[in-house]
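For the protein sequence lines, the chains are S and C, in the order given. The numbers in the first sequence follow our numbering, run straight up by one, and end at 317. The numbers in the second sequence follow our numbering, run straight up by one, and end at 600.
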Amino acid sequence: MTKYTNTGNKDTRSGFGEGLLAIGRECKDVVALAADLKGSVKMDAFAKEFPERFFQAGIAEANMINVAAGLSLNGKIPFVGTFAAFAAGRVYDQVRMAVAYSETNVKIAASHAGITLGEDGATHQILEDIGLMRMLPGMSVVVPCDFNQTKNATIAAAKWNGPVYLRFGRPSVPNFTGENEVFEIGKAYRLNDGKDVTILACGHLVWEALLAAEELEKEGITADVINVATIKPLDYDTILNSIKKTGCVVTAEEHFIFGGMGEMIAGLLASHFPAPLEFVAIADKFGQSGTPSELMKAYGLDAEHIVAAARRAVSRK
Amino acid sequence: MSDIQRLKDIACQIRRDILRMVTMAKSGHPGGSLSSTDVVTVLYFNKMQHDPKNWNRSGKDADMFFLSCGHESPLLYSALARSGYFPVSELATFRKIGSRLQGHPATDTNLPGVFEASGSLGQGLSVAVGAALGKKLNGDFHKVYCLVGDGESQEGQIWEAAQFASHHKVDNLIAFTDWNGQQIDGTTEEVIGPDHLDQRWKAFGWNVVIAEDGNNMEDILSAIKLAEELQAVEPKPVMVMLKTVMGKGVDFMEGTCKWHGKAPKPEECEAALKQIPETLGDF
Ligand SMILES: Cc1ncc(C[n+]2csc(CCOP(=O)(O)OP(=O)(O)O)c2C)c(N)n1
Numbered sequence: 001m002t003k004y005t006n007t008g009n010k011d012t013r014s015g016f017g018e019g020l021l022a023i024g025r026e027c028k029d030v031v032a033l034a035a036d037l038k039g040s041v042k043m044d045a046f047a048k049e050f051p052e053r054f055f056q057a058g059i060a061e062a063n064m065i066n067v068a069a070g071l072s073l074n075g076k077i078p079f080v081g082t083f084a085a086f087a088a089g090r091v092y093d094q095v096r097m098a099v100a101y102s103e104t105n106v107k108i109a110a111s112h113a114g115i116t117l118g119e120d121g122a123t124h125q126i127l128e129d130i131g132l133m134r135m136l137p138g139m140s141v142v143v144p145c146d147f148n149q150t151k152n153a154t155i156a157a158a159k160w161n162g163p164v165y166l167r168f169g170r171p172s173v174p175n176f177t178g179e180n181e182v183f184e185i186g187k188a189y190r191l192n193d194g195k196d197v198t199i200l201a202c203g204h205l206v207w208e209a210l211l212a213a214e215e216l217e218k219e220g221i222t223a224d225v226i227n228v229a230t231i232k233p234l235d236y237d238t239i240l241n242s243i244k245k246t247g248c249v250v251t252a253e254e255h256f257i258f259g260g261m262g263e264m265i266a267g268l269l270a271s272h273f274p275a276p277l278e279f280v281a282i283a284d285k286f287g288q289s290g291t292p293s294e295l296m297k298a299y300g301l302d303a304e305h306i307v308a309a310a311r312r313a314v315s316r317k
Numbered sequence: 318m319s320d321i322q323r324l325k326d327i328a329c330q331i332r333r334d335i336l337r338m339v340t341m342a343k344s345g346h347p348g349g350s351l352s353s354t355d356v357v358t359v360l361y362f363n364k365m366q367h368d369p370k371n372w373n374r375s376g377k378d379a380d381m382f383f384l385s386c387g388h389e390s391p392l393l394y395s396a397l398a399r400s401g402y403f404p405v406s407e408l409a410t411f412r413k414i415g416s417r418l419q420g421h422p423a424t425d426t427n428l429p430g431v432f433e434a435s436g437s438l439g440q441g442l443s444v445a446v447g448a449a450l451g452k453k454l455n456g457d458f459h460k461v462y463c464l465v466g467d468g469e470s471q472e473g474q475i476w477e478a479a480q481f482a483s484h485h486k487v488d489n490l491i492a493f494t495d496w497n498g499q500q501i502d503g504t505t506e507e508v509i510g511p512d513h514l515d516q517r518w519k520a521f522g523w524n525v526v527i528a529e530d531g532n533n534m535e536d537i538l539s540a541i542k543l544a545e546e547l548q549a550v551e552p553k554p555v556m557v558m559l560k561t562v563m564g565k566g567v568d569f570m571e572g573t574c575k576w577h578g579k580a581p582k583p584e585e586c587e588a589a590l591k592q593i594p595e596t597l598g599d600f
């Protein structure tokens, strides 16, 4: 089992903030907009260093998306930051027409995604945003797994030509990828080699997948663990090659089953290589208030549930 | 020929284009397109600095126009074609399969002159505000223009854009309201009054100029001149309120919402065209 070290828990939104500042220093066309959540989405440092390139939009997300589209026409690279619930859900029509259909170079920084937003409850916990965004032609959907990867993915998003939905979160989670690893949009990262089951995970469930693989190894089940950090465009080759080798799959994500990464894989399997698939994701039910770790456990989004799903997948081969 | 007469002639031809495009497509939005024809003519044929043959979506070193009320696409397409962005003959493909002239303006067909898709109402003004901001950041002193419908102004996002532009002193933007008092389900007052649009823009921190006859070239030109003068002394966006007539130029289409989104039958189109001289040659 390949060993990964958690260098200390950190929030992925701060990774975004560091990435934005770094790319802002490198590229003067990078601009940022916030909707009264500048601090929450960690745009403070960028706004302080580049006040002339930061625009406060106020609590008016729809306008913010389209202003960003307009800025991008002039060659600017705008990052719009707000909670994922508002970045994807509230302004879906704006993202659809002004960003995806108009093919504008807007980067949507969607923070506080998923149930681990925690105590604010279901009004703020969007669990359908991956589905909403991946259905839009031309939209790239990136879900980095930890602080370092979110930083590097932010830099990659700025360099990517076209709209990007960058999804990250509020809680502190294990940080284990390389500090300056170059992130490639469109690449799935294989983290461990196994032969019995493929575990595909995104976001902070990648760490849980690694813990699950360790546990499974004790039972003699070896797992290919793949970090599907880009949901769209999907790295079909890496994923299919792994499943052809192992013959079964578990997908793990902080999202509804409906529309999520797992369903995307299910579609891939149905058309290319039918194989048993078990979902670790949230069934058809809204979230609720609680601490992130309580909610992860209550909604079955942890290593224990991945282990159980892997056993089921293997037994169905 | 005076410049006013030249503009009037172009507007006549654009009105004919609109009517013929919509009739041939058996669908589209003649009413609002006809009420906004004069201001769009003034912009493309008098005001704007643009280079139709070397159009570039970045709008660099050129004025930019955004049609927020995207249903007025036949007007935009005719103005673009008559300016030389693409062949006038292409107007015949409006709303047909495979055409670059989509029902509502699109960018994915690579039609020169279209900066951004519009059609979902309430969004275009925000894009124009962003483009104007981008020009300021780039030190490009060209202007950004945007046309908004009065019915469209019922959308909350219009007022989000209003407060943003005012707060960020977007003073290279001149917007226009096609204040024809009509929308789909009736007059704007019937659908959801009170209108008070001029007062609303003022309250949002914009300078407001009113063109008493928004279908009159002289009135439009002097309103824009006043807008420019205001902008020269005060760093504010300006809204030009154009008191227009829905369906302007065709007696049976004027002042009613009935022709907002309805295509005339061929014989109705014939009757309409009789009222508007062919000045530049039909497509
Ligand atoms: C978001 C949205 N809602 C509804 C519509 C349908 N729609 C198209 S035009 C229109 C009326 C617009 O009225 P106005 O802006 O006054 O334009 P005019 O009737 O003068 O052409 C409506 C409701 C739309 N295109 N977008």
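Note that beta-carbon positions come from the ideal geometry of N, C-alpha and C, so glycine has one too. Owing to the predicted nature of the structure, the values given are computational and were not obtained by experimental measurement.
Any non-hydrogen atom of ligand 1 within 8 angstroms of residue i CB
| i | result |
| --- | --- |
| cysteine 574 of chain C | yes |
| leucine 312 of chain C | Residue 312 of chain C is absent from the structure shown; chain C starts at 318 and stops at 600. |
| isoleucine 130 of chain S | no |
| methionine 563 of chain C | yes |
| histidine 513 of chain C | no |
| isoleucine 327 of chain C | no |
| aspartate 93 of chain S | yes |
| glycine 466 of chain C | yes |
| threonine 177 of chain S | no |
| cysteine 248 of chain S | no |
| asparagine 497 of chain C | yes |
| glycine 349 of chain C | yes |
| glycine 325 of chain S | The shown model of chain S, from 1 to 317, leaves out residue 325 of chain S, and the question about it has no answer. |
| threonine 505 of chain C | yes |
| glycine 387 of chain C | yes |
| isoleucine 593 of chain C | no |
| serine 344 of chain C | no |
| serine 352 of chain C | yes |
| serine 395 of chain C | no |
Residue i, enclosing alpha helix (DSSP H) - first and last residue
| i | result |
| --- | --- |
| isoleucine 509 of chain C | 505 to 509 |
| glycine 287 of chain S | Premise fails: glycine 287 of chain S is in no alpha helix (DSSP H) and is neither H nor E. |
| aspartate 237 of chain S | 236 to 246 |
| tryptophan 372 of chain C | No alpha helix (DSSP H) contains tryptophan 372 of chain C, which DSSP labels as neither H nor E. |
| arginine 412 of chain C | Run containing arginine 412 of chain C: none; DSSP gives neither H nor E here. |
| threonine 340 of chain C | 320 to 342 |
Under 9 angstroms between C-beta atoms of residue i and residue j
| i | j | result |
| --- | --- | --- |
| asparagine 175 of chain S | asparagine 148 of chain S | yes |
| valine 141 of chain S | alanine 156 of chain S | no |
| valine 249 of chain S | tryptophan 207 of chain S | no |
| asparagine 74 of chain S | asparagine 161 of chain S | no |
| valine 562 of chain C | serine 385 of chain C | no |
| threonine 82 of chain S | valine 41 of chain S | yes |
| serine 350 of chain C | proline 404 of chain C | no |
| glutamate 219 of chain S | arginine 311 of chain S | yes |
| aspartate 355 of chain C | glutamine 366 of chain C | no |
| threonine 251 of chain S | isoleucine 185 of chain S | no |
| cysteine 202 of chain S | asparagine 241 of chain S | no |
Expected contact under 8 angstroms - CB spacing of residue i and residue j to nearest Å
| i | j | result |
| --- | --- | --- |
| aspartate 196 of chain S | threonine 246 of chain S | 6 angstroms |
| alanine 540 of chain C | valine 526 of chain C | 5 angstroms |
| alanine 448 of chain C | glycine 376 of chain C | 6 angstroms |
| isoleucine 509 of chain C | glutamine 471 of chain C | 6 angstroms |
| methionine 341 of chain C | phenylalanine 411 of chain C | 7 angstroms |
| lysine 553 of chain C | lysine 486 of chain C | 7 angstroms |
Bounding residues of the beta strand (DSSP E) (the contiguous stretch that carries residue i)
| i | result |
| --- | --- |
| methionine 316 of chain C | Nothing about residue 316 of chain C can be read from this structure; chain C reaches only from 318 to 600. |
| phenylalanine 258 of chain S | That residue, phenylalanine 258 of chain S, is in no beta strand (DSSP E); it is neither H nor E in DSSP. |
| glycine 318 of chain S | A question about residue 318 of chain S goes unanswered here, because the residues of chain S that appear run from 1 up to 317. |
| valine 525 of chain C | 524 to 528 |
| phenylalanine 481 of chain C | No beta strand (DSSP E) contains phenylalanine 481 of chain C, which is instead part of the alpha helix (DSSP H) from 473 to 484. |
| cysteine 463 of chain C | 461 to 466 |
| methionine 381 of chain C | 381 to 384 |
| threonine 230 of chain S | 230 to 232 |
Any C-beta of chain B under 9 angstroms from that of residue i
| i | result |
| --- | --- |
| phenylalanine 521 of chain C | The structure shown has no chain B; the protein chains it does contain are S and C. |
Worksheet item: Residues in the segment 83 to 117 of chain S with C-beta within 7 angstroms of chain C's C-beta atoms, listed in sequence order?
Response: Asp93, Gln94, Met97, Ala98, Tyr101, Ser102 and Glu103
Worksheet item: Using Cβ-Cβ distances below 8 angstroms, what residues of the segment 129 to 155 of chain S are close to chain C?
Response: none
Worksheet item: the segment 464 to 494 of chain C: which residues have C-beta closer than 8 angstroms to a C-beta of chain S, in chain order?
Response: Gly473, Gln474, Glu477, Ala478, Gln480, Phe481, His484 and His485
Worksheet entry | the segment 443 to 459 of chain C: positions lying closer than 9 angstroms to chain S by Cβ | Ser443, Val444, Ala445, Val446, Gly447, Ala448, Ala449, Leu450, Gly451, Lys452, Leu454, Asn455 and Asp457
Worksheet entry | Residues within the segment 409 to 440 of chain C neighbouring chain S, beta-carbon criterion of under 8 angstroms | Ala423, Thr424, Asp425, Phe432, Glu433, Ala434, Ser435, Gly436, Ser437, Gly439 and Gln440
Worksheet entry | the segment 390 to 405 of chain C: positions lying closer than 8 angstroms to chain S by Cβ | none
Worksheet entry | Within 7 angstroms of chain S by C-beta, residues of the segment 373 to 385 of chain C in sequence order | Arg374, Ser375 and Gly376
Worksheet entry | Proximal residues, the segment 65 to 77 of chain S versus chain C, C-beta separation under 8 angstroms | Ile65, Asn66, Val67, Ala68, Ala69, Gly70, Leu71, Ser72, Leu73, Asn74, Gly75 and Lys76
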